[in-house]
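Residue numbers (full-length UniProt numbering): 1 to 253.
Spelled out as structure tokens, the structure:
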């Protein structure tokens, strides 16, 4: 494996973050702060606690997960799409860089940026509400798995998309609604029985629930099931990426 090739792609993508700090870091942090102000003041005044946890603290894992999913997809999809758009992707394809090395470089950079953003948002949240992390290692493990999995998903979208509009379709019209309906701002147990059953078909519920358990040891589903779901999603994304490179789909697009 050519480590120099991986490092070149990785550090080039990371340098793009330094050039767009307002968009990459400041914007998500400001949005998260506004969520705390709005939800904490408007809803928090009516819902004091959820499962024994203050409402402001309860929504922290959901808010972090919301930003992680959208930013991981956005970073990875734009990272691979922009070279396609400018034509520089052919320089990568003609260079002595394997498909695995390219994926590791692009996805690794996107996941790193999302992980840094998640930690910054966690620090920001602690300024607004008290936060208790019962299982810090599991929390970090969930963060890493989520960043890597959805960066892979974003990489797939970046290869699939042939215009800028398609880059935003799935994150805006699919992922964001699923996150809002996946227990980010409430517990599924607060819903009527029918809607509790419907919510179980939302894959984001398992991510938010498992991540929240690492904070407060409360969840809507078993933490083991949550880990299993994200590992299945990660494996599926790896399979799709491998298929795209094996069949030459990335070149056709």
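Every residue gets a Cβ at the ideal spot worked out from N, C-alpha and C, and that includes glycine. All figures in this text were calculated on a predicted structure; none of them were measured in a lab.
- request: Taking the CB atoms as reference points, tell me whether residue 238 and residue 173 lie closer together than 8 Å.
  value: no
task: Reducing DSSP to helix, strand and coil, say where residue 217 ends up.
output: coil
message: Just to confirm my understanding: we take residue 185, look at its own chain, exclude 5 residues before and 5 after, and list those with CB closer than 7 Å. What are they?
response: 39, 59 and 62
message: So, for residue 247: in the same chain, excluding its five sequence neighbours on each side, which residues have a beta-carbon less than 7 Å away from its beta-carbon?
response: none
task: Let me know if residue 197 comes out buried or exposed under the rule of 16 or more other beta-carbons within 10 Å of its beta-carbon.
output: exposed
message: Can you check which of these residues, 159, 120 and 131, is closest to residue 77 by C-alpha distance?
response: 159
8 Å Cβ cutoff met for residue 155 and residue 103: yes
- request: To the nearest angstrom, report how far apart residue 129 and residue 32 are at their CA atoms.
  value: 13 Å
message: Less than 8 Å between the beta carbons of residue 121 and residue 74, yes or no?
response: no
Contacts around residue 70, its chain only, beta-carbon distance under 6 Å, and the 5 residues preceding and following it disregarded: 171
- prompt: Taking C-alpha atoms, which residue in 187, 195, 229 and 243 lies nearest to residue 207?
  reply: 229
message: Starting from residue 229, trace the alpha helix (DSSP H) in both directions and tell me its first and last residue.
response: 223-247
Close-in-space but distant-in-sequence residues of the same chain around residue 241 (CB under 7 Å, 5 per side omitted): 103, 152, 155 and 156
- request: Can you grab the Cα-Cα spacing for the pair residue 110 / residue 79, in whole Å?
  value: 8 Å
query: Which residues mark the beginning and the end of the alpha helix (DSSP H) in which residue 133 is found?
result: Taken as a continuous stretch (DSSP letters only), residue 133 belongs to no alpha helix (DSSP H), as it is neither H nor E.
message: For residue 202 and residue 118, what's the separation of their Cα atoms in angstroms?
response: 22 Å
- prompt: Secondary structure at residue 208, three-state DSSP: helix, strand or coil?
  reply: helix
task: Quick one: measure Cβ to Cβ for residue 235 and residue 147, integer angstroms, because I've assumed they're closer than 8 Å.
output: Not really, about 16 Å apart at Cβ, beyond 8 Å.
query: Which value, in whole angstroms, describes the spacing of the CA atoms of residue 275 and residue 141?
result: Missing from the structure shown is residue 275; the chain here goes from 1 to 253 and no further.
- prompt: Tell me, which residues are paired with residue 54 by DSSP?
  reply: 49
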